[in-house]
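Single-structure report; data block below.
There are 2 protein chains.
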Amino acid sequence: MQISSRFTLAVHIFACIDTFSGEYKITSEFLAGSTNVNPVIIRKILGQLKSAGLVSVARGPGGTSAARPLDDITFLDIYRAVECVGSEQLFHFHENPNPDCPVGRNIHHILDDKLFRVQAAMEAELASITLADLKKDMAKYLSGR
Amino acid sequence: MQISSRFTLAVHIFACIDTFSGEYKITSEFLAGSTNVNPVIIRKILGQLKSAGLVSVARGPGGTSAARPLDDITFLDIYRAVECVGSEQLFHFHENPNPDCPVGRNIHHILDDKLFRVQAAMEAELASITLADLKKDMAKYLSGR
DNA sequence: TTTGATGTAACTATATTTATTACAACTTAC
DNA sequence: GTAAGTTGTAATAAATATAGTTACATCAAA
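Here it is in structure tokens:
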């Protein structure tokens, strides 16, 4: 199954912060307009990003900004902030393999290290991409806006 | 969100084929017993593995076997066989970003190559693991069975 | 104190996964 | 050729997760 759109939404949010800060006030309503997603969903994601220390959200007047330099926020930071997979495991196991079967009893042990390696490879790639990279690439597309 | 347990189930099925072929007839009922999953689900997965050319399933008398040498079946083969993500995309996008917003209009283009790199890293790791590796590691756990 | 925004609860709608029942189709062996 | 055992598949339900929506208390600044 696919990874929740919360992740791409969160990146979209940062892209808006990069692009529109100063020009517009970055509210959940504004972000909802750009993403075409319900403002409450946006606020929930902003809350997760805030808990992870990635953004600052002003309550009274509204307005969101990045809490750290752009080259210090990686896709992995964002992924972990919004994904909130309780288990932190990418792969879902069938819950109750038969303990009376030698394979069923051991399948988890046998697979765990292999699946962890797969997850680690993915996370390493996520960690190699920063919001500074995003901003740089965005400039190409937005030059003529 | 996590990757469907169909993947770990499919690997479990191959582990059973490795371990019990000859000793028992590998039917969907037998596999349901080891995995503790409904036989119809097992049959559906077997159908996907069969379509991908990874197993042979005998209809009348029943019984499943690997269709290729174990060192020629990778975790990526299995992943692709059962995952059937129509789009083949690991990351789910929010569907309708605002085309009137310069960020909304371009977010897909901006992210696509980066997300593809992440997916490729994960798939490369999946491709590096074969059922022969699985069998070897299983031997450690099953020696005293 | 008014204004505009966030934080959050509650509920709904939708989609996906997994389970279950039922049965036709098929293959082998008797 | 028929009985037995199994696969293939449809139809449906149940469980879970995601996303949308309404409503409102809370907060900070002007």
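Quick mapping for you: the protein sequence lines, in order, are chains G and D.
Here our numbering is used: position 27 in the first sequence is 27, and no number is missing along the way.
Counting from 1 along the second sequence, just add 1000 to a position and that's the residue number in our numbering.
Heads up, the beta-carbon is just placed ideally off N, CA and C, and yes, glycines get one too.
Since the model is a prediction, treat every value here as computed from it, not as a measurement.
So what does residue i bridge to, in DSSP terms?
| i | result |
| --- | --- |
| F91/G | I1003/D |
| S1051/D | In the DSSP output, where bridge partners are listed per residue, S1051/D has none listed. |
| S1028/D | Answer is none; S1028/D lacks a bridge partner. |
| T1019/D | In the DSSP output, where bridge partners are listed per residue, T1019/D has none listed. |
Since residue i is in the beta strand (DSSP E), which residue starts that stretch and which ends it?
| i | result |
| --- | --- |
| V57/G | V55 to V57 |
| A67/G | No beta strand (DSSP E) holds A67/G; DSSP gives it neither H nor E. |
If I measure Cβ to Cβ from residue i and keep anything under 6 Å in the same chain, skipping five residues before and after, which residues do I get?
| i | result |
| --- | --- |
| F14/G | L131 |
| R145/G | At R145/G the pLDDT is 48, less than 50, meaning the model places this residue with poor confidence and gives no usable figure here. |
| L1126/D | F1075, L1076 and Y1079 |
| F1020/D | none |
| C1101/D | none |
| R105/G | P99 |
| K1114/D | none |
| S1005/D | none |
Starting from residue i, trace the alpha helix (DSSP H) both ways and give me its first and last residue.
| i | result |
| --- | --- |
| V103/G | P102 to A127 |
| V82/G | F75 to E83 |
| D133/G | L131 to L142 |
Keeping to the same chain, check which residues put their C-beta closer than 8 Å to that of residue i; ignore five residues upstream and five downstream.
| i | result |
| --- | --- |
| K136/G | none |
Please list, in chain order, all residues of the same chain as residue i whose beta carbon is under 7 Å from its beta carbon, the five residues on each side excluded.
| i | result |
| --- | --- |
| D1071/D | T1130 and A1132 |
| F1007/D | I1078, Y1079, V1082 and E1083 |
| L1009/D | T1035, V1037 and I1045 |
| C1016/D | I1026, L1031 and S1034 |
| E29/G | P39 |
| G1062/D | K1025 and T1027 |
Notebook entry, point to check: Are three or more beta carbon pairs between the stretch 110 to 118 of chain G and the stretch 1100 to 1120 of chain D nearer than 8 Å?
Noted result: no
Note to self: Counting beta carbon pairs with one atom in the stretch 1131 to 1143 of chain D and one in the stretch 98 to 110 of chain G, are three or more of them shorter than 8 Å?
What the structure shows: yes
Margin query: Taking contact to mean 3 or more Cβ pairs, one atom from each stretch, closer than 8 Å, check whether the stretch 1065 to 1084 of chain D and the stretch 1045 to 1055 of chain D are in contact.
Written below: yes
Next item on the list: Check whether the stretch 1032 to 1041 of chain D touches the stretch 92 to 99 of chain G, counting contact only when three or more Cβ pairs, one atom from each stretch, lie closer than 8 Å.
Entry: yes
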